[in-house]
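Below is one structure, written out as structure tokens, with a few remarks after it.
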Amino acid sequence: MLTALLLLTLSLAPLRTGAIWPFPPKRFSGNSLLGAGAMGVDSNDRVIAYGDFNGDQFLDLLTVGHDQQTLAVYIWDHDDYTFVKSNSFRHPQKVLNVVPGDFTQDGKLDILVMAQARSSQVSLQMYAGLPQGGFDLNAVSAPASAQAQPIPMDMNGNLKIDLFGTVPGGSSDGEFKVWQNVWNASQPSTIFNLVDPKLNGAQCQLSNPHSNAAVDLNGDCLADLFLVCDDKDGQYYQIWVNNKDSGFSLSALGRLPKGFQTVSFGDIDRDGTIDMLIVTCESVSSSTGIGSGCAISVAYNRQLPLCASAAAPSMKNGKKICRSPQDLCQADPQFQFNLRGGDDNPVCSFARDLVLCIQFTQAVFQDFVRTPISSIFTSLQSPALLVFDTTANPPLPLPIKLGDANHDGFPDMLAIVTSGISYSSDKTPILAFSMACGKSVAGCAADGGGRRGWKVLKKGGEVLSDIKDAKGVAFLDMDEDGTLDVMVQRSGLQGEGSILFVQNNFYFDAFFLKAIVLNGACGSGLCTAPNTSIKYHPFGVSYSGATYKYTVLDTNGRRSAAAVAQLPQTSYQTLLTPYSYFGLGRTNNYIENLFVGSTLHTAEHFINMEGVVPNSKVVIIPPVERDGFWRKELYLRPGEWIIWVTVTVVAATIVLAIIVFVLHLSEKREDELERRRASHHINFDAL
């Protein structure tokens, strides 16, 4: 009987412990990438854009249905840890791309739908976001674009989203145009007027598809224009530097490598400048979208480096040789990209009326590093790269996705690698981490020299390697927990659905920072809908062109700088997050300097924030008025460790209190004994 009672007591002990344990069990366990399923997204939907549609600072999704006309919004539900379908509507034409943005500058996220109107043009229609949620289905039409999709860019420095591109037909075919944002709530029938941009330089014929971007390339924290152009000899690039009210001037152009496909932007070597990551292929199948003989190249941005220390001189013999930590947003007019140079590929720079074309020699080939994918993805015998998604009509280009998945401060890359070039070939998403150069590291010299290399994630990445039908990949941060997760869009040939979210559950002993620059709407940080009492925060505005630069000290006291662009590319369903995410690596200090650049045409278009706390999110609202002030908000998300720290502090306090109490009683008892002994002591001298 006694034995039976003992066994019953032991069996009930775990239940009693679980009943009083205050912490919920972990949703995901295991130090690896973990499959999270479709997370509530319909199997027939394709994710076409990211955005914060309800302003709760959680990332939401916009999808397009199988008919390529039905658009649906999925709102993230933090409590249930899933996406919930909010509303949907049908666009009258086949949707090619959607650009979320606050085009009406009221703090609510609108959407600009690019659709197939005729064979030679793209129709543009804007659906305004409503304060109570959803969209005004009375779309506002804008002048049509040529087939090369326009990009959002604040061309006038007023924080309003304009568009830059070309218009179809007539004598103006191929000429650059600006869709100037002229939205007026009292006259809601017009959103854009077509105007000529302020440009100083020869224009070009934009490629279709292209990798055009609004991104800072000369280091002044002010977004420039990067354009991909066509001519009879192939493709080349143009870089137009932003001169604020003076417009844009053509600063550099150069021939793109043969077999060019796409370009992505990121600070590959963490030196405080934006570099280019370029995909080239010898041939691409028009039916499968698979490229053979592909290579991934990095074109490093040659700019003034960061000074070794804050006290180091930045000038030598009257010439600037480096940037001090306080001058990260100072332009370098001599910035340069070398895309393999050579006699057949010169790089040209422009200064006033002088054109300087340089034939690079082998000495500067380190600024352009070409790595065949066969040396990166060594698990496959003859790897190829999926560069187009041919399940979409027209096919969608698939650029390499860059994101810091391990918080070390260097962007990693996400690509879809195939086992062959046929339709039935396995299409597997692969995550490759950026690595310091060394022997046997892909992307580095044979002796281990070089800047950065690549190493494919194998252990813990089985959930990705098991996928054989991927057609698109992208980074995102589910539930805003501070780690970059992965979204894989699938063809469904494996019978496992059309979408899979992958939770990044690795533990990295490093820090991160998230930041978002808003468009100046509701400068107080709280908006009020006209003629109503509805109030909301302007968090979901998806503003392109912001720039971040920061300096941080590692655990060894070494200072490094990094640059990050906010939403530089939006065309052809690029799927970039509206916020910027960057790892800080291992540090035991605050962020020394965080420079935040906007597209304002003011004397100071950027601010310097000092002492920013890591593992936080920074929201910056620039002033719409020239003499206004910048509003800065810092958000800290309590992590799981907060509970444990609290428990530890409380337990330690209780233990210390008990010790103090016991010592107090002991001292009190000793004092009483001492008093008693003194009372019985006879003073013989007194006698």
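Numbers 121 to 807, taken from this note's numbering, label the letters of the sequence shown in order.
Beta carbons: idealized from backbone N, C-alpha and C, even for Gly.
The model shown is predicted, which means the values in this text are computed figures rather than measured ones.
For this session: Could you say if the stretch 521-539 and the stretch 443-460 meet the contact criterion of at least three C-beta pairs nearer than 8 Å?
Result: Segments in contact, no.
Problem set entry | Cα-Cα separation between Leu500 and Arg678, rounded to whole angstroms | One C-alpha to the other measures close to 39 Å.
Exercise. What does DSSP give as the partner residues of Gln355 in its beta bridges?
Worked result: Paired residues: Asp350.
Exercise. Sorted by chain position, which residues of the same chain lie with C-beta nearer than 6 Å to Ile231's C-beta, five sequence neighbours on each side aside?
Worked result: Only residues of its own chain outside the window of five on either side were considered, and among them Val218, Pro220, Tyr247 have a CB closer than 6 Å to the CB of Ile231, listed in chain order.
Problem set entry | DSSP state of Ala771 mapped onto helix, strand, coil | Ala771 carries a helical assignment under DSSP once its states are collapsed to helix, strand and coil.
For this session: Quick one: measure Cβ to Cβ for Lys669 and Leu448, integer angstroms, because I've assumed they're closer than 8 Å.
Result: 4 Å
Exercise. Do three or more CB pairs link the stretch 374-384 to the stretch 400-420 at distances below 8 Å?
Worked result: For the pair of segments examined, the stretch 374-384 was found to touch the stretch 400-420: the number of CB pairs separated by less than 8 Å reaches three.
For this session: Consider the Cβ of Thr722: report whether some Cβ of chain D lies at a distance smaller than 9 Å.
Result: Within the model displayed, chain D is absent; a lone protein chain is all it includes.
Exercise. Buried or exposed: where does Ala798 fall if 16 or more other Cβ atoms within 10 Å of its Cβ makes it buried?
Worked result: exposed
Exercise. Run through DSSP, which three-state label would Arg795 get?
Worked result: In this structure, Arg795 counts as helix in the three-state DSSP scheme.
Exercise. In the structure shown, what three-state DSSP assignment does Ala268 receive?
Worked result: coil
Problem set entry | Inter-stretch contact (C-beta, 8 Å, three-pair minimum) for the stretch 536-552 and the stretch 504-520 | yes
For this session: Please state whether DSSP places Ile478 in a helix, a strand or coil.
Result: Because Ile478 carries a pLDDT of 47, less than 50, the predicted location of this residue cannot be relied on, and the following value inherits that uncertainty. If DSSP states are grouped into helix, strand and coil, Ile478 belongs with the strands.
Exercise. Excluding five sequence neighbours on each side, which residues of the same chain lie with their C-beta closer than 7 Å to the C-beta of Cys642?
Worked result: Once the five neighbours on either side are set aside, the close Cβ partners of Cys642 are Gly227, Pro658.
Problem set entry | Member of Ser664, Leu695, Gly705 whose CA lies at the smallest distance from the CA of Ala685 | Ser664
Problem set entry | For Trp764, three-class secondary structure by DSSP | helix
For this session: Could you tell me the boundaries of the beta strand (DSSP E) in which Gln616 lies?
Result: The sequence shown places Glu at residue 616, not Gln. Segment: none, Glu616 is in no beta strand (DSSP E) and carries neither H nor E.
For this session: Measure from the alpha carbon of Val233 to the alpha carbon of each residue in Lys575, Tyr656, Ile271, then state which is nearest.
Result: Ile271
Exercise. Do you know how far the Cα of Gln358 is from the Cα of Lys591?
Worked result: Between the alpha carbons of Lys591 and Gln358 lies a gap of roughly 30 Å.
For this session: Decide yes or no for the touch test of the stretch 155-169 against the stretch 612-619: beta carbon pairs closer than 8 Å, at least 3 of them.
Result: yes
Problem set entry | His211 versus Val744, Asp353, Asp256, Asp387, residue with shortest Cα-Cα distance | Asp256
Exercise. Thinking just about the alpha-carbon of each residue, which of Ser691, Gly640, Thr652, Thr707 is nearest to the one in Asp747?
Worked result: Gly640
For this session: Give the range of the beta strand (DSSP E) segment to which Leu596 is assigned.
Result: From DSSP, the beta strand (DSSP E) with Leu596 extends over 590-596.
Exercise. Does DSSP classify Pro445 as helix, strand or coil?
Worked result: helix
Problem set entry | For Asp180 and Ile195, believed in contact at Cβ under 8 Å, the rounded distance | 5 Å
Exercise. If you count every other CB in all the chains shown that lies within 10 Å of the CB of Val772, and 16 or more means buried, which is it?
Worked result: Per the sequence shown, the amino acid found at residue 772 is Ala instead of Val. Flag for Ala772 reads exposed.
Exercise. Just to confirm, are Ile493 and Ile587 a CB contact at a threshold of 9 Å?
Worked result: The answer is no: Cβ separation not under 9 Å.
Exercise. Would you call the stretch 313-321 and the stretch 296-303 touching, i.e. three or more CB-CB distances under 8 Å?
Worked result: Yes, the stretch 313-321 is in contact with the stretch 296-303.
Exercise. Which residue or residues does DSSP assign as beta-bridge partners of Ala683?
Worked result: Lys669
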